[in-house]
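S.K.:
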Amino acid sequence: MSSFPDPIADGLARGWRVLDASRDALPETLRADVAIIGTGAGGGITAEVLARAGLKVVLIEEGPLKSSRDFSMRENEAYPQLYQESAARKTRDQAITILQGRCVGGSTTVNWTSSFRTPDDTLHWWGERWALPDHDPDTLSPWFAQAERRLGIGPWLVPPNENNDLLRRGAMKLGIPVPAIPRNVRGCLNLGYCGMGCPANAKQSMLVTTIPVALDHGATLLTRARAHRLRIAGRRVEAIEVQALDADGLRPAGRSVEVRADHVVLAGGAINSPAVLLRSKAPDPRGIAGTRTFLHPVVLSVADHDREVRGFEGAPQTLYTDHFLGIDPIDGPIGFKLEAPPIHPVLFAVNLAGFGPEHAAAMQRFAHAHALLALMRDGFHERSLGGRVSLRDDGSPVLDYPLDEVVFDGARRAFRAMAEIQFSAGARSVRIGHERATPQTTLAGLLAELERLELAPFDTKVVSAHVMGGCAMSADDARGLVRPDGRHHHLDNLSVHDGSVFPTSIGANPQLSIYGIVARMSAGLARQLTGREPAPLA
Amino acid sequence: MGRMRRRTLLKAGLVGGALLAAAGGAAIVANRDPHRDRDAVLGAVVPALLDGALPSGGALREAAVRRCTDGVVAAIAGLAPSSQAELAQLFALLGSAPGRRLLAGVHDDWHVADTAQVGAFLQSWRQHRFDLFRGGYAALHDLVIGTWYADPDAWPAIGYAGPLPL
Numbered sequence: 000m001s002s003f004p005d006p007i008a009d010g011l012a013r014g015w016r017v018l019d020a021s022r023d024a025l026p027e028t029l030r031a032d033v034a035i036i037g038t039g040a041g042g043g044i045t046a047e048v049l050a051r052a053g054l055k056v057v058l059i060e061e062g063p064l065k066s067s068r069d070f071s072m073r074e075n076e077a078y079p080q081l082y083q084e085s086a087a088r089k090t091r092d093q094a095i096t097i098l099q100g101r102c103v104g105g106s107t108t109v110n111w112t113s114s115f116r117t118p119d120d121t122l123h124w125w126g127e128r129w130a131l132p133d134h135d136p137d138t139l140s141p142w143f144a145q146a147e148r149r150l151g152i153g154p155w156l157v158p159p160n161e162n163n164d165l166l167r168r169g170a171m172k173l174g175i176p177v178p179a180i181p182r183n184v185r186g187c188l189n190l191g192y193c194g195m196g197c198p199a200n201a202k203q204s205m206l207v208t209t210i211p212v213a214l215d216h217g218a219t220l221l222t223r224a225r226a227h228r229l230r231i232a233g234r235r236v237e238a239i240e241v242q243a244l245d246a247d248g249l250r251p252a253g254r255s256v257e258v259r260a261d262h263v264v265l266a267g268g269a270i271n272s273p274a275v276l277l278r279s280k281a282p283d284p285r286g287i288a289g290t291r292t293f294l295h296p297v298v299l300s301v302a303d304h305d306r307e308v309r310g311f312e313g314a315p316q317t318l319y320t321d322h323f324l325g326i327d328p329i330d331g332p333i334g335f336k337l338e339a340p341p342i343h344p345v346l347f348a349v350n351l352a353g354f355g356p357e358h359a360a361a362m363q364r365f366a367h368a369h370a371l372l373a374l375m376r377d378g379f380h381e382r383s384l385g386g387r388v389s390l391r392d393d394g395s396p397v398l399d400y401p402l403d404e405v406v407f408d409g410a411r412r413a414f415r416a417m418a419e420i421q422f423s424a425g426a427r428s429v430r431i432g433h434e435r436a437t438p439q440t441t442l443a444g445l446l447a448e449l450e451r452l453e454l455a456p457f458d459t460k461v462v463s464a465h466v467m468g469g470c471a472m473s474a475d476d477a478r479g480l481v482r483p484d485g486r487h488h489h490l491d492n493l494s495v496h497d498g499s500v501f502p503t504s505i506g507a508n509p510q511l512s513i514y515g516i517v518a519r520m521s522a523g524l525a526r527q528l529t530g531r532e533p534a535p536l537a
Numbered sequence: 000m001g002r003m004r005r006r007t008l009l010k011a012g013l014v015g016g017a018l019l020a021a022a023g024g025a026a027i028v029a030n031r032d033p034h035r036d037r038d039a040v041l042g043a044v045v046p047a048l049l050d051g052a053l054p055s056g057g058a059l060r061e062a063a064v065r066r067c068t069d070g071v072v073a074a075i076a077g078l079a080p081s082s083q084a085e086l087a088q089l090f091a092l093l094g095s096a097p098g099r100r101l102l103a104g105v106h107d108d109w110h111v112a113d114t115a116q117v118g119a120f121l122q123s124w125r126q127h128r129f130d131l132f133r134g135g136y137a138a139l140h141d142l143v144i145g146t147w148y149a150d151p152d153a154w155p156a157i158g159y160a161g162p163l164p165l
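Sequences listed follow chains A and B, in order. Mapping the first sequence onto numbering that gives the first Met the number 0, position 265 (from 1) lands on 264, and the numbers just tick up by one. Mapping the second sequence onto numbering that gives the first Met the number 0, position 58 (from 1) lands on 57, and the numbers just tick up by one.
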């Protein structure tokens, strides 16, 4: 337990309206001007803007309210408490593991703080292909700047940890530029445990920024409360049927509350937001909800060094390269971004192939491991159509994401690029994230192995921490489910404010894309609902 | 429960339709004790997956296997209900004698099968031509190995001192 001041505990002591639905008595009906489903990047920003505009806001979150005093920097506590499905959410065929937050603050509570603006080439593509001319870099720039100011996003001036510096040294020898990653932190202690919740409240997640402001402005927060279904009549959402979950947050406890609001903002993230619409049988004449779901599929490469790397210490992901996003046209062979993730025992061990003595021996080199990841930019190539969210019999969402030739072609180039950098940085051996790969002591040996290996689901370890799409925005209602301002094309009082509105993947860690685009949507919504110009993010 | 259970089992899931078809149908796994199946399979699979990481021999090893098995059971309880149901199917299939022999290729009962036999089963699923089996292997791999390395007792062996106290 961390001994830092806990702003959540302080707020609760000040009398914030927070109801834990698994435990507290619930009213039959809650009324509000605006109900927001989800408290992650999209829901958090929306809540601050609307609550400060004087609107009565109710936030509905299926995860628990946890704060710095709960953040123990232990994987066995963080994953079950703070992540969807204990950090073991998978695609339907189990071939991809998906990391998504499920707690107040959503994924922003557990992400690794990388804060990129939406790349210009992505926005130009949206303008040309997705009828989003008002999402050009110039128009969005002030909104990104606003979010950057609000969340302390800027250059990180502390020297990188060795895991990141190996990326820099290896790439520099090859003439590949490695810039710094802007981070959303204030007073960061450089601990390296961002993925388990920041114990020092340095990470400027929604948990410690926008949600507290909304609660200080009188918003009500329901936790362990699942928005099950929207009750729809004609072009309006009449009410949200909210189920109280049990203490584990896994199953409905059998009690419910009806939330009635003039306007509803869906911000459950790119798996849960389409799921709410599908469960609600919301109007969707083109069958768009849940389709074109993108993941930035990630493959990994691990190098062994003579000296200790200690990738568990120091801020993760502080350097990157986009060199391999710029080689081919955006809709050509899939490009990828390279970053250096944190290395913690569970995350490392489950992604390390094999078992028994072979696995145990590789684990003994844990402190010497240098890891790189390649995040692939899906959704631009004409055959990169992403996945599809549908519902299981019990109403829970499941994602089918076919790992096809487009992805594996990118994975093959990514393995090569990562190995070249790792050997160039002085690796003793490199092992790519593939069940049949063995540690290779030379680049030539690794490339020969790579040529022999078939890249197929399960054999190739694929993970994702960025789920996007499923409720695409477009001015063209034949292609988009929501308008460019976030309003649903077919429901007058519903908006979608999260990463599910992206018509493709972003090509960068998405949190700042969500903050900026949703800040603009929220200001527009506040203006429409109050008739006044809202204040910028404070 | 009998009817519910069969209906669940007939759905395609982690080890649903295809494995059941391969094993000769739902009859094999009807009316089984799910906890007993789970504990029997884990009792054999945990030592095989962690061979080389567990303390060698004797009471220490047994205690470590038991602690990890308890941890896996707790981890399963934290998964989504749909994942828990899929894992229950996997354990029921493997827990039945026909499932164990036909699908896992393990001749002896789980509690007497040696690490080499169980390791051979895991290896065959790991490299199986059907995704379904590879998915089953991946689920066991991640659950058991993830649980083991979540435990501070496993950290000294990998040169990790744990997070700094704050």
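Think of the CB as a built atom: it goes at the ideal place given N, C-alpha and C, for glycine as much as any other residue.
Using a beta-carbon distance below 8 Å, is N200/A in contact with chain B?
M.R.: By one-based count along the first sequence, residue 200/A stands at place 201. Chain B contact via Cβ: absent.
S.K.: With the cut-off set at 8 Å, would you say T290/A and R391/A are in Cβ contact?
M.R.: On the first sequence, position 291 is the one that residue 290/A refers to. On the first sequence, position 392 is the one that residue 391/A refers to. Contact: no.
S.K.: Skipping 5 residues on each side, what residues in its chain have a beta carbon closer than 7 Å to that of A274/A?
M.R.: Your numbering for residue 274/A matches position 275 in the first sequence. For A274/A, where only same-chain residues beyond five positions count, the Cβ hits under 7 Å are V388, L390, P396.
S.K.: Do T112/A and K172/A have their C-beta atoms within less than 8 Å of each other?
M.R.: Here residue 112/A is taken as the residue at index 113 of the first sequence, counted from 1. Here residue 172/A is taken as the residue at index 173 of the first sequence, counted from 1. Result no, Cβ atoms of T112/A and K172/A do not sit closer than 8 Å.
S.K.: Does the distance from the C-beta atom of A373/A to that of V297/A stay below 8 Å?
M.R.: The residue given as residue 373/A occupies position 374 in the first sequence. The residue given as residue 297/A occupies position 298 in the first sequence. Cβ atoms of A373/A and V297/A: closer than 8 Å.
S.K.: R391/A versus chain B: which residues are under 8 Å apart at the beta carbon?
M.R.: Residue numbering aside, residue 391/A sits at position 392 when the first sequence is read from its first letter. By Cβ distance, chain B contributes S81.
S.K.: Contact check, L64/A vs V17/A under 8 Å by CB: the rounded distance?
M.R.: Sequence index remark: in the first sequence, residue 64/A carries index 65 (1-based). Sequence index remark: in the first sequence, residue 17/A carries index 18 (1-based). With 8 Å as the limit, L64/A and V17/A qualify as a contact, their Cβ atoms being about 6 Å apart.
S.K.: Which first and last residues belong to the beta strand (DSSP E) in which R387/A is found?
M.R.: The residue labelled residue 387/A in the question sits at position 388 within the first sequence. Element bounds for R387/A: 387-390.
S.K.: What are the complete alpha helix (DSSP H) segments, minimum 4 residues, inside the stretch 326-375 of chain A?
M.R.: With a minimum length of 4 residues, the continuous alpha helix (DSSP H) runs that stay inside the stretch 326-375 of chain A are 344-350, 355-362.
S.K.: Taking 8 Å as the cut-off, decide whether the C-beta atoms of V405/A and I342/A are in contact.
M.R.: Within the first sequence, the letter at position 406 stands for residue 405/A. Within the first sequence, the letter at position 343 stands for residue 342/A. Not in contact: V405/A and I342/A (Cβ atoms no closer than 8 Å).
S.K.: Using a Cβ-Cβ distance cut-off of 8 Å, determine whether D245/A contacts chain B.
M.R.: Within the first sequence, numbered from 1, the residue matching residue 245/A stands at position 246. No, its Cβ sits nowhere closer than 8 Å to a Cβ of chain B.
S.K.: May I ask you to report which of helix, strand or coil DSSP gives F293/A?
M.R.: Your numbering for residue 293/A matches position 294 in the first sequence. Reduced to three states, the DSSP call for F293/A is strand.
S.K.: Going along the chain, which residues of its own chain have a beta-carbon closer than 6 Å to the beta-carbon of D152/B, five neighbours each way excluded?
M.R.: Within the second sequence, numbered from 1, the residue matching residue 152/B stands at position 153. Excluding residues within five positions, none has a Cβ falling inside 6 Å.
S.K.: Is it the case that the stretch 61-79 of chain B contacts the stretch 80-90 of chain A, given that we only count it when at least three CB pairs across the two stretches are under 8 Å?
M.R.: A contact exists between the stretch 80-90 of chain A and the stretch 61-79 of chain B.
S.K.: In chain order, what are the residue ranges of uninterrupted alpha helix (DSSP H) at least 4 long that sit wholly in the stretch 66-152 of chain B?
M.R.: The stretch 66-152 of chain B contains these whole alpha helix (DSSP H) runs: 80-94, 96-102, 114-125, 130-149.
S.K.: Going along the chain, which residues of its own chain have a beta-carbon closer than 7 Å to the beta-carbon of A179/A, five neighbours each way excluded?
M.R.: Position 180 of the first sequence, counting from 1, holds the residue named residue 179/A. The answer, listed in chain order, is P154, W155, T317, L318.
S.K.: Mind checking which residues open and close the alpha helix (DSSP H) that includes T437/A?
M.R.: The residue labelled residue 437/A in the question sits at position 438 within the first sequence. That residue, T437/A, is in no alpha helix (DSSP H); it is neither H nor E in DSSP.
S.K.: Name the chain B residues that come within less than 8 Å of D283/A, Cβ to Cβ?
M.R.: Sequence index remark: in the first sequence, residue 283/A carries index 284 (1-based). Per Cβ cutoff of 8 Å: no residues; D283/A is ~24 Å from chain B at best.
S.K.: List the residues of chain A whose Cβ lies closer than 7 Å to the Cβ of L102/B, in chain order.
M.R.: Along the second sequence, read from residue 1 onward, the residue named residue 102/B stands at position 103. Simply none; closest approach about 17 Å.
S.K.: Report yes if the C-beta distance between G191/A and P315/A is below 8 Å; otherwise report no.
M.R.: Taking the first residue of the first sequence as 1, we reach residue 191/A at position 192. Taking the first residue of the first sequence as 1, we reach residue 315/A at position 316. Their beta carbons are under 8 Å apart, which means G191/A touches P315/A by this criterion.
S.K.: Use the C-beta contact count for P141/A: other C-beta atoms within 10 angstroms, 16 or more gives buried, fewer gives exposed.
M.R.: Along the first sequence, one-based indexing puts residue 141/A at 142. Classification of P141/A: exposed, given that the 10 Å Cβ count is below 16.
S.K.: Ends of the beta strand (DSSP E) at I431/A?
M.R.: Position 432 of the first sequence, counting from 1, holds the residue named residue 431/A. Element bounds for I431/A: 428-431.
S.K.: Taking the straight line between their C-alpha atoms, what separation do you get for D141/B and T28/A?
M.R.: As a working mapping, residue 141/B is identified with position 142 in the second sequence. As a working mapping, residue 28/A is identified with position 29 in the first sequence. Distance between the alpha carbons of D141/B and T28/A is about 42 Å.
S.K.: Between the Cα of E76/A and those of G158/B, L59/B, G145/B, spot the shortest distance and give me the residue it belongs to.
M.R.: The residue given as residue 76/A occupies position 77 in the first sequence. The residue with the shortest Cα to Cα distance from E76/A is G145/B.
S.K.: I need the straight-line Cα distance from F115/A to L536/A, nearest angstrom please.
M.R.: For this step, residue 115/A is matched to residue 116 along the first sequence. For this step, residue 536/A is matched to residue 537 along the first sequence. Going by the C-alpha atoms only, they are around 18 Å apart.
S.K.: Is the Cβ-Cβ distance between V236/A and V258/A less than 8 Å?
M.R.: Indexing the first sequence from 1 puts residue 236/A at position 237. Indexing the first sequence from 1 puts residue 258/A at position 259. Cβ distance not < 8 Å, so V236/A and V258/A don't count as in contact.
S.K.: I'd like to know if Y319/A contacts chain B, where contact means its C-beta is closer than 8 Å to some C-beta of that chain.
M.R.: Within the first sequence, the letter at position 320 stands for residue 319/A. No, its Cβ sits nowhere closer than 8 Å to a Cβ of chain B.
S.K.: Kindly say whether Q363/A, judged by its beta-carbon, lies nearer than 8 Å to any beta-carbon of chain B.
M.R.: In the first sequence, residue 363/A corresponds to position 364, counting from 1. Taking Cβ atoms only, chain B reaches closer than 8 Å to Q363/A, which makes this a yes.
S.K.: For P396/A, which residues does DSSP report across the bridge?
M.R.: Residue 396/A sits at position 397 when you count from the first residue of the first sequence. Bridge partners of P396/A: L390/A.
S.K.: What is the DSSP secondary structure of S499/A, counted as helix, strand or coil?
M.R.: One-based indexing of the first sequence puts residue 499/A at position 500. Looking at S499/A - three-state DSSP - the assignment turns out to be helix.
S.K.: Quick one: what's got a C-beta closer than 7 Å to L41/B's C-beta in the same chain, skipping five residues either side?
M.R.: Taking the first residue of the second sequence as position 1, residue 41/B is located at position 42. Same-chain partners within the cutoff: T68, V71.
S.K.: Taking a contact to mean a Cβ-Cβ separation below 8 Å, would you say G94/B touches A39/B in this structure?
M.R.: Within the second sequence, numbered from 1, the residue matching residue 94/B stands at position 95. Within the second sequence, numbered from 1, the residue matching residue 39/B stands at position 40. Closer than 8 Å, so yes.
S.K.: Counting only beta-carbon separations shorter than 8 Å, does H140/B have a partner in chain A?
M.R.: Here residue 140/B is taken as the residue at index 141 of the second sequence, counted from 1. Yes, contact with chain A.
S.K.: Give a yes or no on whether the C-beta atoms belonging to G39/A and T96/A are separated by under 8 Å.
M.R.: As a first step, residue 39/A is located in the first sequence; it is residue number 40 there, counting from the start. As a first step, residue 96/A is located in the first sequence; it is residue number 97 there, counting from the start. Cβ atoms of G39/A and T96/A: not closer than 8 Å.
S.K.: For F354/A and chain B, any beta-carbon pair shorter than 8 Å?
M.R.: Residue 354/A sits at position 355 when you count from the first residue of the first sequence. Yes, because at least one Cβ of chain B sits closer than 8 Å to the Cβ of F354/A.
S.K.: Measuring alpha carbon to alpha carbon, tell me which of Q421/A, A199/A, A474/A ends up nearest F3/A.
M.R.: Within the first sequence, numbered from 1, the residue matching residue 3/A stands at position 4. The option with the nearest alpha carbon to F3/A is A199/A.
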